[in-house]
Amino acid sequence: MRWITRKELEREFGLSPMLAERVIREQLAASCRRNDMRAAIPAVLRTMGMFWMLFLAAVLFPSARHGRLALLESPGLMLMVVGWLVLPRVLHADEIVAAARARARADRDA
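Residue numbers for the sequence shown follow this note's numbering, so the first one is 144 and each next one is one higher.
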């Protein structure tokens, strides 16, 4: 489990910046459609974050209004950010690297 960057794919496999970004985006989109435990963990975090933001913060702290409510909703927002942006990229790093390796091999062979 590691964070895969576009620059890392460019340096390691010799891909162009646009192609490296495309590989990452394609693999992240495919990871959202998988039905395995690695896809379930981010989905659960996103759901928990949304539930906290929409319902629990206001129900548990009924006297909070406007700015205070926004501060109380921020942990839910952080769960959603982790669930949408961070975990899929970390959990599916192996697939991203494998796809980049295959794309670089196909470009060399062509």
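Cβ atoms here follow ideal geometry from the backbone N, Cα and C, with glycine treated the same way.
Just so we're clear, the structure is a prediction, and the values are computed from it rather than from any experiment.
*What are the boundary residues of the alpha helix (DSSP H) that Thr-148 is part of?*
Element bounds for Thr-148: n/a, residue is neither H nor E.
*Entirely enclosed alpha helix (DSSP H) segments - the stretch 174-224, minimum 4 residues*: 180-194, 200-203, 209-224
*Give me the Cα-Cα distance between Lys-150 and Ser-206, rounded to the nearest whole angstrom.*
48 Å
*Would you check if there are 3 or more beta carbon pairs closer than 8 Å linking the stretch 154-166 to the stretch 237-248?*
yes
*Which residue comes first and which comes last in the alpha helix (DSSP H) that contains Val-233?*
230-234
*Specify whether the stretch 211-229 and the stretch 183-202 touch according to this definition: at least 3 beta carbon pairs, one from each stretch, less than 8 Å apart.*
yes
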